[in-house]
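Notes follow once the structure below has been shown.
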Amino acid sequence: MTGRAAPHPRRVAVVTDSTAALPPALAAAAGLTVVPLDVTIDGVRHVEGVDVTPAQLLHALERGARVTTSQPPPSAFAAAYERAAAAGAREIVSVHLSGEMSGTVRSARTAATVSPVPVRVVDSGTVALGLGFAALAAARCAATPVAPAAVDPERQRRRRPAPTLGRRRVLPPAWPDVDRVAEVAAATAASTRTWFLVESLEHLRRGGRLSAPAAALGTVLGLRPLLAVQDGRVVVADKVRTRRAARERLEQVAAAEVGARGAVRLGVHHAGDPAAAEALAQRLTGHAETVEAVVADAGAVLGAHAGPGLLAVVVADA
27 MTGRAAPHPR RVAVVTDSTA ALPPALAAAA GLTVVPLDVT IDGVRHVEGV
77 DVTPAQLLHA LERGARVTTS QPPPSAFAAA YERAAAAGAR EIVSVHLSGE
127 MSGTVRSART AATVSPVPVR VVDSGTVALG LGFAALAAAR CAATPVAPAA
177 VDPERQRRRR PAPTLGRRRV LPPAWPDVDR VAEVAAATAA STRTWFLVES
227 LEHLRRGGRL SAPAAALGTV LGLRPLLAVQ DGRVVVADKV RTRRAARERL
277 EQVAAAEVGA RGAVRLGVHH AGDPAAAEAL AQRLTGHAET VEAVVADAGA
327 VLGAHAGPGL LAVVVADA
């Protein structure tokens with residue numbers, strides 16, 4: 027859902043941003059509130075997921091339009107937190123893309139200071155479904171009640187059993203608190219690995235997401251770098267000569283990562299080529315136990331920085 031909060035019988039609401047690149051139905055099913063980033067095309071401001079589609083963004087890039095992005099203002103997060111509190115949440119976990127890539131985390135932290143309920147802001151250190159899987163894990167944790175005995179087992183062990191008189195009292199389920207939900211978000215984010223390919227490094231260079239020396243690998247040397255997210259930044263993970271070799275290398279490193287783990291969650295992103303993404307996802311799911319596989323468009327904001335031809339793989343612990 028975009029900027030709207032569902033009723034919260036649970037204790038903790040979870041908020042994320044649109045760079046999580048989650049399919050809307052998946053985010054809604056998890057009870058996530060998604061705050062959109064802005065995309066400006068030739069001076070006209072748009073809101074991701076509201077009045078600009080990934081296809082429109084790619085068309086703008088292909089015709090040479092000037093495209094920039096910006097984080098949501100603190101007021102957008104403040105409104106989301108107020109709605110979550112009004113719907114019954116007593117605490118909020120707000121998990122967002124890497125602070126090394128965007129000021130979104132800063133906006134969320136500013137808004138948290140005026141929230142009617144406590145807010146724990148989590149810098150995921152990543153983006154796309156690396157962030158998306160972290161937000162989903164947090165939301166699913168928040169929606170899963172735990173037995174009262176599991177809340178404080180030491181206290182339960184110390185308590186003497188009392189005689190049962192009449193009807194046994196059934197304790198209501200307890201909901202995970204903000205510490206537990208934030209811990210799940212951070213742990214899931216830390217478990218993710220993200221690699222991606224782009225047709226041109228120029229969009230990343232112009233947006234400040236890739237250093238000029240790294241961008242020169244493509245523009246000057248004619249190489250096709252395999253990029254990765256590391257320590258919250260985009261880095262060059264490998265270098266090959268051709269587009270075909272780059273796609274083969276992407277699949278090789280992703281398959282090795284998937285095969286080295288137990289159960290995993292797998293995400294594959296594309297920017298205009300869903301067939302290639304679906305085929306890659308199907309091949310990768312054969313390398314390990316895949317608990318969840320998500321194929322998703324990268325979205326307008328990520329598309330603005332990566333450009334046409336993006337293909338990305340995200341692997342996370344299940």
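All residue numbers for the sequence shown refer to the working numbering, where the first residue is 27 and numbers rise by one. For glycine and all other residues, C-beta sits at the position ideal for the given N, C-alpha and C.
Coarse secondary structure for residue i, derived from DSSP in three states
i: G333; result: coil
i: D205; result: helix
i: A169; result: coil
i: S217; result: helix
i: Q97; result: coil
i: V266; result: strand
i: A39; result: strand
i: E277; result: helix
Cα-Cα separation between residue i and residue j, rounded to whole angstroms
i: A332; j: A297; result: 9 Å
i: R269; j: W221; result: 15 Å
i: A342; j: G158; result: 10 Å
i: L337; j: V290; result: 19 Å
i: A104; j: L52; result: 24 Å
i: G335; j: L328; result: 12 Å
i: T130; j: A301; result: 32 Å
i: A173; j: W201; result: 9 Å
i: P99; j: R132; result: 9 Å
i: R37; j: A54; result: 18 Å
i: V224; j: A330; result: 12 Å
i: K265; j: L249; result: 6 Å
i: G293; j: L83; result: 22 Å
i: H122; j: D43; result: 6 Å
i: L48; j: T316; result: 18 Å
Chain B contact for residue i (CB, 8 Å cutoff)
i: Y107; result: In the structure shown, chain B cannot be found, because there is only a single protein chain.
Identified DSSP bridge partners for residue i
i: L252; result: D264
i: A305; result: The partner list for A305 (beta bridge, DSSP) is empty, contrary to what the question assumes.
i: L63; result: Partner(s): none; L63 has no beta bridge.
i: H122; result: D149
i: A154; result: DSSP output for A154 lists no bridge partner at all.
i: E318; result: R291
i: F103; result: For F103, which the question treats as bridged, DSSP gives no partner whatsoever.
i: E225; result: The partner list for E225 (beta bridge, DSSP) is empty, contrary to what the question assumes.
Cβ distance (whole Å) where residue i is taken to contact residue j below 8 Å
i: E117; j: V143; result: 6 Å
i: A110; j: T59; result: 6 Å
i: V41; j: S141; result: With a Cβ gap of about 10 Å, V41 and S141 do not count as contacting.
i: P80; j: A326; result: 5 Å
i: V340; j: L276; result: No, V340 and L276 are not in contact; Cβ-Cβ is about 12 Å, not under 8 Å.
Legend entry - Three-pair Cβ contact test at 8 Å for the stretch 136-143 versus the stretch 163-173: Cβ pair count under 8 Å is below three, so no.
ask   = Can at least three beta-carbon pairs, one atom from the stretch 140-153 and one from the stretch 205-215, be found at a separation below 8 Å?
value = Enough Cβ pairs lie closer than 8 Å, so yes.
message: For the pair the stretch 90-97 and the stretch 66-82, tell me if three or more CB-CB distances fall below 8 Å.
response: By the Cβ criterion, the stretch 90-97 is in contact with the stretch 66-82, since at least three pairs of Cβ atoms, one from each stretch, lie closer than 8 Å.
(Q) Assess contact between the stretch 310-326 and the stretch 247-263, defined as three or more Cβ pairs (one per stretch) separated by less than 8 Å. Is contact present? (A) At 8 Å Cβ cutoff, the stretches do not touch.
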